[in-house]
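I have placed the structure first, in the form of structure tokens, so that the comments after it can refer back to it.
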DNA sequence: TTGAAAGCGCTAACAG
DNA sequence: CTGTTAGCGCTTTCAA
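As structure tokens, this is what we get:
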């Protein structure tokens, strides 16, 4: 039963060459005579030889997997980011380890610990810990990482994010252009920069239109889920001077809101217009399709991975000072039915 | 810049002990004097020592990560499976590498190759290759794996799946009970056992009701996505004797269908009743909530992981013949508005 | 309870 | 073009 695992030396013996030549036939094929190489490959095939990554890694000091730590795969937005990352990494011959921090800084720290022990090639992280302290081990171990979906000013780290101020502005500009003068902002945890930035953008749009800040009525949520969106609907309907338009901090909230409004007999967009955020696929799949601020999620994953690999190569190769960069992508408003109704 | 990475020998020297003792203080704490251990830990802390997994793995022959290969994270059903698996693995101190085969047998084969090279602890796989041939390398390498979401009769492998015949039966029984006598089945690729099983269940319900098989009108799709659901709606509406009820092979199809029907002015459930499959969160988040056959996705991920770890332990430990098992979970019908209207 | 030493399987010089 | 060889950092007997 205990069939001894076949190693490089077995192949060498069987092919009548040295282990070095076998190794070369894999890693520098050109330095091996074609005929020898063919013979080796045949033996590899016959014996079912499989390289041991752990041995290679121990030797070379670098693994062939990159880690991606997201907050929550239940939000399709993060799935899109993951897909973009996975495709890019695979194109480079690397595997991606997708993990979920569930927004928990301690889970995040655990995973970061795992990644350092694995000596992964690099990590893409959407930070759960606002202090950024949990990323410290990566820096200490010299493991490249890029922060995704968060703007990081620190010149010592790469980051890819989307301009949330613009996103918020686009959303509310659109609403104001439809004639709305009382807008609710169903938001999320105040400690999230994104939530603050989108509010800033929203207020900028309001100011630009010559309206008072009170035009925006914020309804914060804790979880930014569909359920939270339903709850927010109840609060919205309870408001004295009910807003005629709502800007939601993500599509999950918007979906929950739209459903609850429907259940309450409140017409969308006639009585309440809605704009969501992220433009997840489900946003366009409901009866009254959702207007949403589209974030280039897959593109973010792709770019982040490219930057990560570039940094990893720089570290691996020359000590050429890798220039950390901060990329900020632009969002885009996708107008659909949920906001298409002029008022006033 | 090139700060030499600190290894176990650095810790040993600094703590005035041998490397063996340092290793023991991690792996068999009880065999080390508490005082010695404390001293070592202090040094570890001070030096920021991190174990090298690759070295451990090379030595012990087994890694601390399990792989999960799903078809497509865009379907929340698979995300739920992944979450169940991830939680269970983490509880066991293992990391999970979630990968996507995009339904492509060749991508699947590539990933399986990666997993064998990594010598992962085990793999959970939702097969994309119906022949099961791409899993051969795992078997050859002696890497434990369990097949998820597919029934595998083979006594040589563990599998966890859900009873699709029952699922199909539940869905159509419900529809017939509402008085429907013409039911459409918006299905998927015929090579999928699930698609066939659900049809079998649907037909069984029809037969049990004393109705002819023609009662079921199948509309196959290629992709089982929201877009495919919209397309199917068009086909449905073009039918001569239009069915009054539709059973969809998954919720994505059902969502697309419901949206298209709404756009066409066809009332759900009054004119057409709908039952979906999977009970993803979004199914209950739309204006007319979807009746759906719930599959215990997270439970499947959890169970599969447990079985995998059990098998891995069996392999690692004694040669105690691990008893492969085939677990079949039961689905459950969740009735919501989309099917609540009596006809006839 | 601790130390010494033998590799795990591979890559990358360096010789030939 | 190919062979030899020295480790990569750790775990694990085996002695002391």
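Protein chains in written order, with this note's numbering: chain A, 1 to 344; chain B, 345 to 688. Note that beta-carbon positions come from the ideal geometry of N, C-alpha and C, so glycine has one too.
Cutoff 9 Å: residue i Cβ touching any chain B Cβ
i             : result
residue 114/A : yes
residue 103/A : no
residue 32/A  : no
residue 263/A : yes
residue 256/A : yes
6 Å Cβ shell around residue i - same chain, five flanking residues per side excluded
i             : result
residue 326/A : 159
residue 507/B : 672 and 674
residue 19/A  : 8, 9 and 12
residue 39/A  : 15
residue 413/B : 443, 445, 455 and 469
Per-residue burial, residue i [other beta carbons within 10 Å of its own, 16 or more giving buried]
i             : result
residue 675/B : buried
residue 290/A : buried
residue 463/B : buried
residue 535/B : exposed
residue 546/B : buried
residue 574/B : buried
residue 84/A  : buried
residue 281/A : buried
residue 638/B : buried
residue 482/B : buried
residue 583/B : exposed
residue 209/A : exposed
residue 140/A : exposed
Proximal residues of chain A, C-beta to C-beta of residue i below 8 Å
i             : result
residue 423/B : 73, 74 and 79
residue 463/B : 52, 53 and 54
residue 691/B : There is simply no residue 691/B to check, as chain B begins at 345 and stops at 688 in what is shown.
Contact set between residue i and chain B, taken where Cβ atoms lie within less than 8 Å
i             : result
residue 281/A : 418 and 570
residue 97/A  : 409, 439, 440, 441 and 442
Residues of its chain near residue i, where Cβ-Cβ distance is below 8 Å and the 5 sequence neighbours each way are ignored
i             : result
residue 47/A  : 6, 10, 11 and 14
residue 344/A : 179, 180 and 181
residue 206/A : 172, 176, 183, 212, 213, 215 and 216
Test item: CB-CB of residue i and residue j under 9 Å
i             : j             : result
residue 692/B : residue 645/B : Only positions 345 to 688 of chain B appear in this structure, which leaves residue 692/B out of reach.
residue 275/A : residue 237/A : no
residue 526/B : residue 585/B : yes
residue 273/A : residue 339/A : yes
residue 418/B : residue 76/A  : yes
residue 298/A : residue 81/A  : yes
residue 600/B : residue 571/B : yes
residue 509/B : residue 541/B : yes
residue 96/A  : residue 86/A  : yes
residue 590/B : residue 530/B : yes
residue 595/B : residue 627/B : yes
residue 602/B : residue 685/B : no
residue 42/A  : residue 71/A  : no
residue 490/B : residue 476/B : no
residue 460/B : residue 50/A  : yes
residue 604/B : residue 629/B : no
Cβ of residue i within 9 Å of any chain A Cβ
i             : result
residue 427/B : yes
residue 407/B : yes
residue 575/B : no
residue 523/B : no
residue 349/B : yes
residue 454/B : yes
residue 402/B : yes
residue 679/B : no
residue 632/B : yes
residue 434/B : yes
residue 481/B : yes
Cut-off 7 Å between Cβ atoms - residues of its own chain near residue i, not counting five sequence neighbours on either side
i             : result
residue 465/B : 406, 407, 408, 409, 410, 438 and 656
residue 346/B : Per-residue confidence for residue 346/B stands at a pLDDT of 40, beneath the threshold of 50, marking its modelled position as unreliable; the derived number appears in the next sentence. Excluding residues within five positions, none has a Cβ falling inside 7 Å.
residue 144/A : 122, 308, 311, 312 and 315
residue 538/B : 508
Per-residue contacts from residue i into chain A (C-beta, under 7 Å)
i             : result
residue 485/B : 50
Under 7 Å from the C-beta of residue i: neighbouring residues of chain B
i             : result
residue 259/A : 629, 630 and 631
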